[in-house]
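Enquirer: Structure provided below as structure tokens; questions to follow.
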Amino acid sequence: MSQQTIRVWDPVVRVFHWSLAGAFLIAYLSEDDFLSLHSFAGYTVLGLLLIRLLWGLIGTRHARFTDFVRPPGEALGYLKDSLLGRAKRYLGHNPAGGLMIIAMLLSLLFTTITGIATLGVEEGAGPLAGMMGGAPRFIAKATEEVHEFFANFTLLLVLGHLIGVLFESVVHRENLVRAMISGDKPLRDGESQ
Ligand code: HEM
Numbered sequence: 002m003s004q005q006t007i008r009v010w011d012p013v014v015r016v017f018h019w020s021l022a023g024a025f026l027i028a029y030l031s032e033d034d035f036l037s038l039h040s041f042a043g044y045t046v047l048g049l050l051l052i053r054l055l056w057g058l059i060g061t062r063h064a065r066f067t068d069f070v071r072p073p074g075e076a077l078g079y080l081k082d083s084l085l086g087r088a089k090r091y092l093g094h095n096p097a098g099g100l101m102i103i104a105m106l107l108s109l110l111f112t113t114i115t116g117i118a119t120l121g122v123e124e125g126a127g128p129l130a131g132m133m134g135g136a137p138r139f140i141a142k143a144t145e146e147v148h149e150f151f152a153n154f155t156l157l158l159v160l161g162h163l164i165g166v167l168f169e170s171v172v173h174r175e176n177l178v179r180a181m182i183s184g185d186k187p188l189r190d191g192e193s194q
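The sequence shown finishes on residue 194 if you use my numbering, and the numbering steps up by one all the way, no holes.
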């Protein structure tokens with residue numbers, strides 16, 4: 002008998018996720034050497050973020066921020082329960098994952114905004130060129146440093162995210178990556194559509 006499944010991640014969330022992962026990777030790797038590719042990937046990240054922020058307000062059940070944004074204390078409690086092997090299974094994002102997602106979204110937002118500012122001040126290009134164009138050298142340097150800091154900080158969060166996904170997949174004996182591809186998770190006893 003085939004196992005019953007439930008739709009958890011809608012197409013917007015899935016396309017957003019894999020496009021974001023790809024665009025971030027391209028932006029990170031292209032850095033200074035391929036400026037047009039780097040800017041294109043950065044704008045793509047920003048566009049995806051804006052779509053996801055809107056979808057977090059009006060999207061399907063598990064896509065909404067109200068479904069997965071919890072106070073840090075709850076996230077810590079969930080992590081502790083996970084380590085003790087007694088964490089509850091969530092169909093959507095668990096409280097610790099939710100906190101990490103908010104951290105990644107904010108860090109990506111800061112990275113893209115400071116990237117656009119750097120483009121304006123260094124190259125006199127992009128939407129902030131008018132505002133940043135004539136800025137003194139030390140401002141240009143500081144903007145670039147802050148942009149690099151957030152890019153590296155995002156990478157650190159992504160590593161934490163990947164460890165978290167792997168860890169939770171083991172703890173709950175389910176393939177979370179497959180669920181983010183197909184959108185579906187197997188239903189377990191006591192769970193309903
Ligand atoms: C091969 C690399 C990656 C894998 C395998 C992966 C896997 C996943 C999985 C399984 C989830 C769902 C977690 C859950 O069940 O609660 C998820 C969510 C998420 N991941 Fe990743 N991820 C990857 C790369 C990235 C990267 C590079 C970023 C950011 C730049 C990222 C950002 C996110 C975000 C923002 C969510 C929340 C999705 C949403 O609700 O819209 N991921 N990821």
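We put the CB at the ideal spot given by N, CA and C, even for glycine.
In the structure shown, what three-state DSSP assignment does Arg179 receive?
Expert: In the sequence shown, residue 179 corresponds to position 178, counting from 1. Residue state, collapsed to three classes: helix.
Enquirer: Using the Cβ count rule (16 or more neighbours within 10 Å means buried), how would you classify Ser37?
Expert: To locate residue 37, count along the sequence shown from 1; it is residue 36. Exposed.
Enquirer: Report all residues from its chain with a CB closer than 7 angstroms to the CB of Val9; omit the five preceding and five following residues, and keep chain order.
Expert: The residue given as residue 9 occupies position 8 in the sequence shown. Closer than 7 angstroms at Cβ, skipping near neighbours: His63, Leu92, Gly93, Ala180, Gly184, Asp185 and Lys186.
Enquirer: On the criterion of 16 or more Cβ atoms from any shown chain inside 10 Å, does Ala76 qualify as buried, or is it exposed?
Expert: Here residue 76 refers to the residue found at position 75 when the sequence shown is read from its first residue. By the 10 Å Cβ count, Ala76 comes out buried.
Enquirer: Can you find the residues in the same chain that come closer than 7 angstroms, C-beta to C-beta, to Asn176, ignoring five residues on each side of it along the sequence?
Expert: As a working note, residue 176 is residue 175 in the sequence shown. These residues qualify, in order along the chain: Ser170.
Enquirer: Identify, in the order they occur along the chain, each residue of the same chain with its Cβ nearer than 8 angstroms to the Cβ of Leu156, setting aside the five sequence neighbours on each side.
Expert: As a first step, residue 156 must be located in the sequence shown, where it is residue number 155. So the list reads Tyr29, once near-sequence residues are dropped.
Enquirer: Does at least one heavy atom of the ligand HEM sit under 7 angstroms from the Cβ of Val166?
Expert: Start at 1 with the first residue of the sequence shown, and residue 166 comes out as number 165. Yes, Cβ of Val166 sits closer than 7 angstroms to a heavy atom of the ligand HEM.
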